[in-house]
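Student: Questions regarding the structure given below will be posed in turn.
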Amino acid sequence: MSEHHSRKSSHLSLPRSPLTRAIHPDDLDLNDSIRQVHQAISSDISVSTAFRNPTPIDLITIQRKLGEIKIDQFNNNLNQNSISSKISLNSNLSDQNILEYKRDTNPTLAQVEQALGSVLNGQVLVYSSGLSAAFAALMALSPDVIAIRGGYPGSHQTIKRYCQLRGMNDRNSVEVRVIDLDDSFPTPDTGLKVLVWLETPVNPTGECRDIKSYVKKVRDCAPGSELLVDSTFAPPPLSNPFAFGADLVLHSATKYFGGHSDAIAGLLVVQKSNASRWKRLWHDRTYLGMLPGSLESWLLLRSLKTLQIRVIHQSDTSTRLAVWLNSLTERDYRSDTDPDEKRRLVLRVWHSSFQDGGRWVGFDPQTNHPRQMMGGGSPCFSFMLRRPIQAKWLPHLTKIFIPAATLGGVESLIQHQIRSDSSADPRIVRVSVGLEDFQDLRNDLIQAFDRVIKYEHHHSKL
1 MSEHHSRKSS HLSLPRSPLT RAIHPDDLDL NDSIRQVHQA ISSDISVSTA FRNPTPIDLI
61 TIQRKLGEIK IDQFNNNLNQ NSISSKISLN SNLSDQNILE YKRDTNPTLA QVEQALGSVL
121 NGQVLVYSSG LSAAFAALMA LSPDVIAIRG GYPGSHQTIK RYCQLRGMND RNSVEVRVID
181 LDDSFPTPDT GLKVLVWLET PVNPTGECRD IKSYVKKVRD CAPGSELLVD STFAPPPLSN
241 PFAFGADLVL HSATKYFGGH SDAIAGLLVV QKSNASRWKR LWHDRTYLGM LPGSLESWLL
301 LRSLKTLQIR VIHQSDTSTR LAVWLNSLTE RDYRSDTDPD EKRRLVLRVW HSSFQDGGRW
361 VGFDPQTNHP RQMMGGGSPC FSFMLRRPIQ AKWLPHLTKI FIPAATLGGV ESLIQHQIRS
421 DSSADPRIVR VSVGLEDFQD LRNDLIQAFD RVIKYEHHHS KL
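For the sequence shown, UniProt numbering begins at 1 and goes up steadily by one.
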């Protein structure tokens with residue numbers, strides 16, 4: 001190959017960076033001659049619930065032979081009713097890429113799934129919520145035993161309903177058991193399929209669990225046993241669960257993929273090699289009515305273009321805040337409003353950047369960082385105050401942090417954790433770091449701490 005040809009081929013190669021693919025999801029594969037002049041830069045929202053049926057190919061072939069239509073009209077008939085603008089006369093038009101009814105798919109949804117696939121290195125299906133994606137995974141995997149510990153309370157409720165429904169639908173089936181992640185798993189001779197439901201980083205602390213160690217454990221179980229990673233707290237570029245052996249990846253796209261507190265959605269990511277699973281999930285989604293709306297799909301497509309920039313900034317700021325808060329656990333806090341008042345205010349901080357290797361596996365003492373989070377620590381973490389009343393009041397005394405339950409948006413949020421999880425320690429506060437300046441967020445917590453001490457002092461006199 002000549003040097004000139006080599007340079008030419010390199011010049012024409014498609015970008016490999018997920019960041020670039022996310023910004024240009026629909027036109028990197030197109031030939032220059034196909035690109036349209038005056039084409040809108042922003043993607044359209046598909047609002048139609050139905051699409052005109054294509055003329056049967058055998059009929060249109062006869063019309064071509066009789067000279068009643070031209071080849072261009074034939075191509076247009078296919079292209080206008082297909083997700084892809086590049087379908088040829090010999091294409092195999094499957095259910096998944098023909099536009100007929102919106103419950104199946106639509107152009108906006110197909111576009112965002114293609115873009116997400118580039119970013120997440122797999123085949124992606126978008127759902128109407130994170131919990132609908134979780135339920136879809138349970139239905140498709142149909143486990144006999146589910147190993148889970150802590151994490152998002154909604155996942156436990158979804159698992160509970162899966163167990164109830166399977167018992168109602170099949171009286172002869174084995175009763176589903178829910179066990180702890182570190183319990184002994186059923187041996188292969190039992191024939192029981194085990195699903196390891198691994199949330200990492202875990203809600204609400206943002207600490208990591210070692211994916212590889214649980215992959216090894218589940219591979220010693222009966223055939224069909226698999227590991228699902230809920231990676232909501234570690235969107236790309238923070239972590240890639242497939243690189244550590246995950247079989248299926250779940251995200252609540254409401255959080256970092258949406259990123260602006262204005263869209264509810266969920267994602268399931270299937271390994272590229274498992275086309276049959278993707279197809280099964282696609283059909284289940286269609287007939288269980290789990291498709292997201294067009295607006296939500298469009299909002300995800302919009303947000304995906306800034307995902308990496310947002311997440312890196314949020315991760316960096318959260319790590320700096322966690323380190324500063326952790327320094328307060330080592331000394332008494334002196335209030336500006338009452339300098340003579342000294343007390344230990346922050347008792348503990350949880351964050352993946354300095355988690356204890358004795359508590360969670362996956363800790364690398366050489367780098368002082370979990371191996372599977374080399375893109376940075378989780379932007380969401382928790383800390384514990386001295387008394388429950390302090391944790392109860394603090395979210396309502398901040399001026400920049402907003403007291404709210406969700407996470408992942410551009411606004412920093414703070415929550416008394418027991419409001420979302422009745423089993424949580426009442427002294428725990430969870431923070432979701434947004435895009436504000438670190439120093440502003442730090443100062444906001446300082447003034448809120450001062451006011452907590454002030455009001456608690458007056459409260460004790462009532």
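Note that beta-carbon positions come from the ideal geometry of N, C-alpha and C, so glycine has one too.
These figures come from a predicted structure and were not determined experimentally.
Is the beta carbon of S128 less than 8 Å from the beta carbon of L325?
Tutor: Translated into positions along the sequence shown, residue 128 becomes position 128. Translated into positions along the sequence shown, residue 325 becomes position 325. Not closer than 8 Å, so no.
Student: Quick check on DSSP: helix, strand or coil for I428?
Tutor: On the sequence shown, position 428 is the one that residue 428 refers to. Correct three-state label for I428: strand.
Student: Express the C-alpha separation of I428 and S460 in angstroms, rounding to a whole number.
Tutor: Counted from its first residue, the sequence shown places residue 460 at position 460. Counted from its first residue, the sequence shown places residue 428 at position 428. Their Cα atoms are separated by approximately 21 Å.
Student: Per DSSP, what kind of secondary structure is I146 in: helix, strand or coil?
Tutor: Residue numbering aside, residue 146 sits at position 146 when the sequence shown is read from its first letter. In the structure shown, I146 sits in a strand (DSSP, three-state: E or B).
Student: Which residues bound the beta strand (DSSP E) around Q271?
Tutor: Here residue 271 refers to the residue found at position 271 when the sequence shown is read from its first residue. Unbroken run through Q271: none, as it is neither H nor E.
Student: Are A110 and R21 close, meaning C-beta to C-beta below 8 Å?
Tutor: Stepping through the sequence shown from its first residue, residue 110 is reached at position 110. Stepping through the sequence shown from its first residue, residue 21 is reached at position 21. No, they are not a contact pair.
Student: My understanding is that A253 touches V126, with C-beta atoms under 8 Å, so please give their C-beta distance in whole angstroms.
Tutor: Mapped onto the sequence shown, residue 253 falls at position 253. Mapped onto the sequence shown, residue 126 falls at position 126. About 7 Å separates the two Cβ atoms, so the contact holds.
Student: Looking at T232 and G377, is the spacing between their C-beta atoms short of 8 Å?
Tutor: Reading the sequence shown from its first residue, position 377 is the one you call residue 377. Reading the sequence shown from its first residue, position 232 is the one you call residue 232. Cβ atoms of G377 and T232: not closer than 8 Å.
Student: Measure the beta-carbon distance from G434 to H260 and round it to whole angstroms, keeping in mind my assumption that it falls under 8 Å.
Tutor: Position 434 of the sequence shown, counted from the start, is the residue given in the question as residue 434. Position 260 of the sequence shown, counted from the start, is the residue given in the question as residue 260. Not really, about 10 Å apart at Cβ, beyond 8 Å.
Student: Please work out which residues of its chain come closer than 7 Å, Cβ to Cβ, to E175, disregarding the five sequence neighbours upstream and downstream, and give them in chain order.
Tutor: In the sequence shown, counting from the first residue as 1, residue 175 sits at position 175. So the list reads G167, once near-sequence residues are dropped.
Student: With T398 and A448 assumed to form a contact (beta carbons below 8 Å), what rounded beta-carbon distance in angstroms separates them?
Tutor: The sequence position of residue 398 within the sequence shown is 398, counting from 1. The sequence position of residue 448 within the sequence shown is 448, counting from 1. About 5 Å separates the two Cβ atoms, so the contact holds.
Student: Compare the C-alpha of R442 against each of V112, T317 and D58 and name the closest.
Tutor: Numbered from its first residue, the sequence shown carries residue 442 at position 442. Nearest C-alpha to R442: T317.
Student: Is the stretch 153-166 touching the stretch 211-218, taking contact as three or more C-beta pairs under 8 Å?
Tutor: Judged by Cβ distances under 8 Å, the stretch 153-166 makes no contact with the stretch 211-218, as fewer than three pairs qualify.
Student: Quick check on F135: does DSSP put it in helix, strand or coil?
Tutor: Working through the sequence shown from its first residue, we reach residue 135 at position 135. F135 falls in the helix class under three-state DSSP.
Student: Any idea if D437 is buried or exposed, counting beta-carbon neighbours within 10 angstroms, 16 or more meaning buried?
Tutor: Here residue 437 corresponds to residue number 437 of the sequence shown, with the count starting at 1. It counts as exposed.
Student: Here's the rule: buried if 16 or more other CB atoms are within 10 angstroms of the residue's CB, otherwise exposed. What is Q308?
Tutor: Residue 308 sits at position 308 when you count from the first residue of the sequence shown. So Q308 counts as buried.
Student: In three-state terms, what does DSSP make of H457?
Tutor: Against the sequence shown, residue 457 aligns to sequence position 457. In the structure shown, H457 sits in a helix (DSSP, three-state: H, G or I).
Student: Evaluate contact between the stretch 385-401 and the stretch 217-230, counting only Cβ atoms and requiring at least three cross-stretch pairs below 8 Å.
Tutor: They do not touch, by the three-pair rule.
Student: Rounding to the nearest angstrom, what Cα-Cα distance links V361 and T105 in this structure?
Tutor: For the purposes of this step, residue 361 is identified with residue 361 of the sequence shown, where counting begins at 1. For the purposes of this step, residue 105 is identified with residue 105 of the sequence shown, where counting begins at 1. Since pLDDT at V361 reaches only 47, below the 50 mark, its modelled position is unreliable, and the value read off the structure follows with that caveat. Distance between the alpha carbons of V361 and T105 is about 41 Å.
Student: What does DSSP give as the partner residues of W350 in its beta bridges?
Tutor: Numbered from 1 along the sequence shown, position 350 holds the residue referred to as residue 350. For W350, which the question treats as bridged, DSSP gives the partners S382.
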